[in-house]
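In what follows, a single structure is set out as structure tokens and then discussed.
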Amino acid sequence: MDVTRDSSQRPDHLPKALPPALPERSASGSSPLAKVLRTSGPAAGPADSGPLTTPLTVLPGPAGSSADPRDPLEAAEPVARTVQVAPPPFPVADPFPVVEPEAVPAGTPAAATSRRPPRADQALRERNAAGLPGWVALLALLLGTAAVLLVLVHDGVVPHWDALPDLRADAARASGRAEVTTRSVAAVTAAGLLVVLALAGLLANAGGETRVLTRWGRYRGTVRRTGLVWVNPLLRRRRVDVRLRHWRSEPAKVVDRTGTPIVVRLLIVWRVKDTARAVLAIEDHESYLREQVQAVLTRTASTLPCDSNAAPGPALRDGQWFADELTRALAAEVAPAGLEVYSAQPLALDYAPEVAESMRRRRLADLDAGLRTVLVDDAVEAAALAVRRLERATAHELDEAARSALMEHLLVAFVAPAGVAASVPPPAARAGRKEGRPA
């Protein structure tokens with residue numbers, strides 16, 4: 001190590017050399033220190049010029065710091081020193097390698113993004129519309145009607161009845177005919193407009209229904225209050241059913257994981273959760289729901305076989321997985337449209353008519369094979385138990401040949417169908433067969 005400064009003026013109690021610097025890592029390392037050394041170092045010299053060195057600039061640290069490699073007496077001097085660090089004679093592994101991400105070609109499947117449900121407009125959310133209770137509009141209607149009638153009586157437009165008090169003005173009473181003034185016309189016009197606005201803004205909202213209000217295509221709110229409500233008569237009103245609804249789908253033909261066509265019928269329980277999105281974010285939310293049911297059913301049914309048959313493993317008919325997965329996937333697909341799916345349950349899960357007969361025969365064959373296996377296992381256990389009980393009852397242990405012969409007779413008696421006589425070869429013939437001699 002070569003330090004480009006004179007260290008002869010150091011006190012005797014201080015070390016004569018700097019602490020040994022960390023060796024440079026191999027050129028193959030990709031740590032930040034190695035990159036700085038490679039980019040800031042001078043060009044390599046000729047091969048016969050001695051060992052290659054790399055200048056390392058040591059910046060001044062805080063005074064008195066233990067990490068400061070300079071002389072403590074000169075720690076306050078902000079002078080940078082250059083230290084020549086020789087590379088080690090052997091490569092040193094980088095303890096903190098920097099892993100560069102590999103570029104993925106655009107055409108590979110890894111570069112393609114996974115399919116996601118569509119994103120809904122975050123600004124389009126259901127909110128309560130401004131409105132008044134219906135009794136306020138009814139009261140305004142009554143007051144406006146009474147005001148119009150009073151003005152007409154005051155001006156003499158309405159004939160006077162002797163049984164009622166005379167409310168006509170002095171001019172109308174003196175002339176005996178109607179005396180209409182500009183002030184009366186203005187009062188009747190204002191009262192008439194009040195009556196028209198009260199009538200035009202009234203709406204009767206039944207339970208389980210809402211009204212989506214828009215003006216010139218812009219969403220203005222949703223009325224969920226039931227009963228008689230008054231809203232702005234200039235707003236357009238659209239009725240939306242928010243009750244809990246169920247829909248029985250038509251038989252849909254899909255394929256399972258093995259490629260076998262199956263027919264599925266579903267029962268969907270759903271309702272409209274966000275009326276603003278159900279009306280304005282999509283053209284027809286019911287048609288959207290039907291199409292998404294078909295798509296989700298096709299994708300989910302292709303993950304597992306319809307029946308496990310002889311092969312062990314999960315199947316579409318096993319448990320509630322099929323219904324739970326349909327509900328989860330369908331709820332995620334229709335959420336941007338303001339719909340909420342509670343359950344999607346398969347009502348019928350059968351094979352298509354063209355493969356139903358062959359799959360039925362295959363299922364019967366699998367059941368028959370499984371039943372035969374169970375019968376044979378039970379017969380072997382019963383025969384072994386009978387032989388042990390016979391030996392225990394007679395207090396005499398049979399030899400191997402007698403035990404085998406008795407076991408075979410019992411197995412034939414247990415397994416052979418009724419009315420079928422099965423012959424068992426004698427022990428001598430079985431022994432000759434084992435040794436390779438003809439019986």
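Under this note's numbering, the residues of the sequence shown are numbered 1 to 439, in order. Glycine residues also receive a C-beta, built at the ideal position from the N, C-alpha and C atoms.
Of Arg177, Ala147, Gly227, Val148, the smallest CA-CA separation from Pro159 is found for Arg177. Under the three-pair Cβ rule at 8 Å, the region 258–267 does not count as touching the region 202–214. In the three-state DSSP reduction, Glu397 falls in the coil class, being neither helix nor strand. For Gly192, the enclosing alpha helix (DSSP H) covers residues 182–200. Straight through space, the alpha carbons of Ser287 and Leu330 are spaced by roughly 14 Å. Inter-residue distance for Glu397 and Arg389 is about 11 Å (C-alpha atoms, whole angstroms).
Taking Val153 as reference, the option from Leu234, Asp377, Leu167, Gly227 with the minimal CA-CA separation is Leu167. Excluding its 5 nearest sequence neighbours in each direction, Arg243 has C-beta neighbours in its own chain below 7 Å: Gly208, Arg271, listed in chain order. Val376 counts as exposed, since fewer than 16 other beta carbons sit within 10 angstroms of its beta carbon. The shortest CA-to-CA distance from Ala123 to any of Ala295, Asp350, Leu280, Val355 is the one to Leu280. The alpha carbon of Ser175 has as its nearest neighbour, out of Ala186, Ser404, Gly156, the alpha carbon of Gly156.
Here Glu340 carries a strand assignment [DSSP, helix/strand/coil].
Here Thr327 has Val341, Ser343, Ala344 as same chain residues with Cβ atoms under 7 Å from its own Cβ, once five neighbours each way along the sequence are excluded. Collapsing the DSSP output to three states places Asp256 in coil. Around the beta carbon of Leu234, fewer than 16 other beta carbons lie within 10 angstroms, which makes this residue exposed. Under a 10 Å Cβ-count criterion, Gln320 is classified as exposed, with fewer than 16 other Cβ atoms of the shown protein chains found around its own Cβ. Of the residues assessed, His409 falls on the exposed side of the cut-off, its CB having fewer than 16 other CB atoms within 10 angstroms. Annotation for His160: no alpha helix (DSSP H) segment contains it, and DSSP assigns it neither H nor E.
Taking every protein chain shown into account, the CB of His246 has fewer than 16 other CB atoms within 10 angstroms, so this residue is exposed.
Between Pro261 and Lys253, the CB-CB gap stays under 8 Å. Residue state for Gly221 is assigned as strand, using DSSP reduced to three classes. Rounded to the nearest whole angstrom, the C-alpha separation of Asp378 and Phe322 is 35 Å. Distance check between Leu406 and each of Gln292, Pro312, Glu391, Val387 places Val387 closest, using alpha-carbon atoms only. Taking each of Thr300, Pro305, Ala337 in turn and checking the Cα distance to Asp324, the smallest one comes out for Thr300. For Gly319, no alpha helix (DSSP H) run applies, since DSSP gives it neither H nor E.
Taking Leu228 as the centre and dropping the five residues before and after it, the same chain places the C-beta of Gly134, Ala204 closer than 6 Å to its C-beta, in chain order.
One Cα belongs to Glu400, the other to Met359, and the distance between them is close to 46 Å.
Leaving aside the five residues that flank Ala337 on each side, the residues in its chain whose CB is nearer than 7 Å to its CB run, in chain order, Arg277, Ala278, Ala281, Ile282, His285, Tyr288.
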